Amino acid sequence: MKRRFILILLASLVFISPSGLLAQSTTDAVEEAESLRLQLLEVQTKEAALEERVQQLDEDLKPENIERSLAGIGSTRPEELRERRRRQLQIEKDSLLTQLRHLAKTRASLEAAIATADADAYHQSAKGTSVATLDQLFLTQFSQLPKWMTLLFLTLLSVLGIGVLVLVVRRFQRSRGERAV
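First residue of the sequence shown: 732, per the numbering used here; consecutive thereafter.
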């Protein structure tokens, strides 16, 4: 009796494990795409902030605004002060434009990586079996829950499945015993 129970338990674990692996590879591709999308959002946010600062510097670089910014400062050489201020603003603007070019390249590579990850996720989901599709459905349903709660649910589900399997085996054994008598 114990041998059969152990064999049934091992068989159920063998059937459960591969389906989890198939679903995991699909969710890995989906998670990768989501991670890339978050990175893209961060890059776009940085780009917007830098573009706004560049516009502000363009406004500050106008001669009348440089003059206005130095109005309260007294000097025997106001031309040098204005030129120094203009150079500082221009250096900052050039630095920001370099950062913007770098972010544009990063954004383009992230967009390409997202397209590739989406295609991979699609291909993996198309290759999956029906068991993997069910696992994927369960994983997407429970991805919003905390990990401990999901683990608890899956454990309870496994215990329930094993209990049902044991009951079926016992009934089968009883029915075989009744036929023999």
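Note that the Cβ used here is the ideal one computed from N, Cα and C, for glycine as well. Values in this document were obtained by computation on a predicted structure and should not be read as measured data.
Short Cβ contact (8 Å threshold) for residue i with residue j
i: Leu831; j: Glu778; result: yes
i: Val785; j: Leu827; result: yes
i: Ala857; j: Ala760; result: no
i: Glu814; j: Leu788; result: no
Alpha helix (DSSP H) segment containing residue i, residue limits
i: Ala839; result: 809 to 858
i: Ile797; result: 794 to 800
Residue of the options minimising C-alpha distance to residue i
i: Glu798; options: Leu812, Gln787, Leu788, Gly894; result: Leu812
i: Lys836; options: Val774, Val895, Leu888, Leu767; result: Val774
i: Glu762; options: Thr847, Val895, Ser906; result: Thr847
i: Ser800; options: Arg817, Val785, Glu823; result: Arg817
i: Leu834; options: Thr776, Pro809, Leu769, Val897; result: Thr776
i: Pro794; options: Ser806, Arg901, Glu810, Ile804; result: Glu810
Presumed contact (8 Å Cβ cut-off) between residue i and residue j, rounded CB distance
i: Asp849; j: Ala764; result: 5 Å
i: Leu792; j: Gln821; result: 7 Å
i: Arg838; j: Leu771; result: 7 Å
8 Å Cβ cutoff, residue i in contact with chain D
i: Ser806; result: Given the protein chain composition of this structure (a single chain), no chain D is represented.
Residue i beta carbon near the ligand ZN (any heavy atom closer than 7 Å)
i: Lys777; result: In the structure on display, the ligand ZN does not appear, and there are no ligands present to speak of.
Fill in: 4-residue-minimum alpha helix (DSSP H) runs that sit fully inside the region 877 to 911, ordered along the chain
Segments of the alpha helix (DSSP H) lying fully in the region 877 to 911: 878 to 911.
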